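Reading through the structure tokens given below for one structure.
Residue numbers (this note's numbering), protein chains in the order written: chain A, 296 to 575; chain B, 2 to 248.
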């Protein structure tokens with residue numbers, strides 16, 4: 296069997312993915328139920344909801360699915376005692392790591408696509424779809440979201456959706472590589488899951504709830520200030536579009552450098568850590 | 002044998018986690034002492050609200066459930082399967098060890114929280130507590146609620162772990178259901194809505210030291226619900242084991 300297909304099959308044999316997916320769908324259905332409105336506001340609200348879905352809540356599900364699926368990707372061979380066989384492959388270890396990275400990309404693509412499909416189906420059933428070629432500057436988003444989407448008026452609705460979608464695939468890929476990097480260092484899927492998921496959740500928790508509490512000035516400046524920047528420029532910010540909407544087309548290179556830079560650094564570190572181990 | 006199982010639980014990550022939690026809590030109380038000293042005791046009542054309950058969940062999911070798949074990890078599963086009554090007895094002993102372990106942990110955290118808050122408490126305090134009872138009674142009620150919640154959570158998590166034979170699946174199921182209580186905002190929760198049910202129905206509300214019900218009927222409903230979840234977990238775990246010819 297082609298090693299690529301084999302790796303993909305191995306990934307989808309993890310029960311964790313299906314269980315995580317079922318729980319995510321349950322919580323997502325609950326979210327849709329709680330925000331459901333019977334009044335049909337027309338196509339403007341369809342696009343508004345679609346553009347807002349990922350930054351509001353969708354990125355949590357994407358992060359959960361990435362953590363659940365990818366934390367076992369590298370430790371799996373070690374956990375089932377398969378590592379010695381991997382070492383006997385001709386160029387096995389090098390090929391192996393590249394295929395795993397490819398699997399991370401495919402998985403990220405699949406997860407992002409799946410959640411966008413759910414959002415389109417749900418919002419399509421509640422609001423009317425249309426006006427996809429209308430420029431975003433003409434629909435006056437700024438009145439609704441203050442400074443949100445303020446600089447991207449040159450995009451039409453579908454172009455901005457595509458822009459978000461492609462960006463999110465690469466952001467998810469970067470986060471997936473980070474999970475793989477942690478799993479290479481720890482080699483225990485449960486711990487990887489708790490560390491990566493916990494880090495993501497704790498930063499969310501800090502930014503959403505604790506930052507609003509009255510904890511005294513010293514605590515606020517000593518912990519909240521760095522935590523806020525780690526949140527904003529870390530994976531929480533990357534997946535929740537913290538700076539996507541601030542980038543105008545002439546400045547899009549900043550975003551590309553940021554996302555692809557983090558991907559390159561992660562791949563570089565993965566290769567270094569993986570290559571550090573003794574080869575046969 | 003119980004002593005041996007207990008020894009397996011008092012491992013390095015447990016001490017690191019406990020030390021980290023208590024250090025962070027000391028730091029938070031110290032800051033409260035510097036900036037708002039009149040709120041020290043009020044703050045100490047909030048220990049189980051976030052930090053304490055999250056630490057307890059982490060300890061249960063990463064340290065206690067590890068005990069139930071130790072055989073799988075160390076490839077000694079077949080030995081236990083071959084023993085007459087070995088599997089069931091071992092499970093009960095491990096469950097007992099887990100319950101004793103978490104009881105000790107809750108008491109340790111409670112005492113440390115009391116000692117730290119008393120150390121920083123220099124002035125008389127005005128406390129506002131949700132029930133019309135004395136502060137020590139409320140504190141005891143809170144600890145009792147945490148202990149009951151943690152024991153129910155251990156029973157449920159151990160049965161899931163025993164059934165699926167995977168710690169990561171246990172972490173996903175129990176961790177996500179536990180986390181729902183923190184995401185659901187109680188201010189916007191209406192009684193008998195789905196949100197209300199999700200917020201209180203999966204052990205975490207009790208482990209946060211909150212009083213589960215306002216009336217006796219409500220309390221009876223929640224006792225029935227939590228017993229039902231635990232029974233379903235135990236029966237499902239046994240059925241799965243029977244299907245695998247382990248019992």
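Every residue gets a Cβ at the ideal spot worked out from N, C-alpha and C, and that includes glycine.
Predicted model, so just to flag it, every value in this text is computed and none were measured.
Around the C-beta of residue 137 (chain B), fewer than 16 other C-beta atoms lie within 10 Å, and the residue is accordingly described as exposed. In the DSSP assignment, residue 49 (chain B) falls outside any alpha helix (DSSP H), carrying neither H nor E. Assigned with DSSP and collapsed to three states, residue 213 (chain B) falls in coil, not helix or strand. The Cβ neighbour count for residue 410 (chain A), taken over all protein chains shown within 10 Å, is at least 16; the residue is labelled buried.
Against residue 320 (chain A), chain B offers no close residue; the least beta-carbon distance is about 12 Å (beta-carbon pairs closer than 9 Å). Counting other Cβ atoms within 10 Å of its Cβ, residue 135 (chain B) stays below 16 and is therefore classed as exposed. For residue 488 (chain A), the closest Cβ of chain B is nearer than 8 Å.
By the neighbour-count definition (other C-beta atoms within 10 Å, threshold 16), residue 473 (chain A) is a buried residue. Among the residues facing chain B, residue 367 (chain A) is included, as its CB has a counterpart in that chain under 8 Å away. Within the same chain, and ignoring the five residues on either side of residue 401 (chain A) in sequence, the residues whose Cβ sits closer than 8 Å to its Cβ are 303. In the DSSP secondary-structure assignment, residue 389 (chain A) is not bridged to any residue. With a cut-off of 8 Å on Cβ pairs, the stretch 370–390 of chain A is not in contact with the stretch 453–463 of chain A, counting fewer than three such pairs.
A direct Cα-to-Cα measurement between residue 398 (chain A) and residue 185 (chain B) gives close to 34 Å.
With the criterion set as a beta carbon lying under 8 Å from some beta carbon of chain B, the members of the stretch 341–366 of chain A are 359, 363 and 366, in sequence order.
Shown here, residue 451 (chain A) sits in a strand according to DSSP, grouped into three states. Collapsing the DSSP output to three states places residue 430 (chain A) in a strand. For residue 58 (chain B) and residue 170 (chain B), the gap between their C-alpha atoms comes out near 15 Å.
A residue is called buried when at least 16 other Cβ atoms come within 10 angstroms of its Cβ; residue 370 (chain A) meets this threshold and is buried.
CA-to-CA, the gap between residue 430 (chain A) and residue 173 (chain B) works out to about 42 Å.
A residue is called buried once 16 or more other Cβ atoms fall within 10 Å of its Cβ, and residue 53 (chain B) is buried on that count. In the DSSP assignment, residue 44 (chain B) falls within the unbroken alpha helix (DSSP H) covering 41–45. Sixteen is the threshold: since fewer than 16 other Cβ atoms of the shown chains lie within 10 Å of the Cβ of residue 8 (chain B), the residue is exposed. In the DSSP assignment, residue 374 (chain A) falls within the alpha helix (DSSP H) that extends over 370–374. Inside the stretch 166–236 of chain B, DSSP marks whole alpha helix (DSSP H) runs of 4 or more residues at positions 168–184, 195–201 and 205–208, from first to last along the chain. Distances from the alpha-carbon of residue 494 (chain A) to those of A:403, A:526, A:423 and A:465 put A:526 closest. In the DSSP assignment, residue 311 (chain A) falls within the alpha helix (DSSP H) that extends over 310–330. One finds 165, 167 and 170 in chain B with Cβ atoms closer than 8 Å to the Cβ of residue 310 (chain A), taken in chain order. Contact between residue 48 (chain B) and residue 114 (chain B) is confirmed by a C-beta separation of about 5 Å, below the 8 Å threshold.
Using a CB distance cut-off of 8 Å, residue 10 (chain B) does not count as an interface residue toward chain A.
Among the CB atoms of chain B, none fall inside 8 Å of the CB of residue 481 (chain A). Among the CB atoms of chain B, one or more fall inside 8 Å of the CB of residue 325 (chain A). Rounded to whole angstroms, the separation of the alpha carbons of residue 479 (chain A) and residue 148 (chain B) is 37 Å. Of B:205, B:206 and B:160, the smallest CA-CA separation from residue 233 (chain B) is found for B:160.
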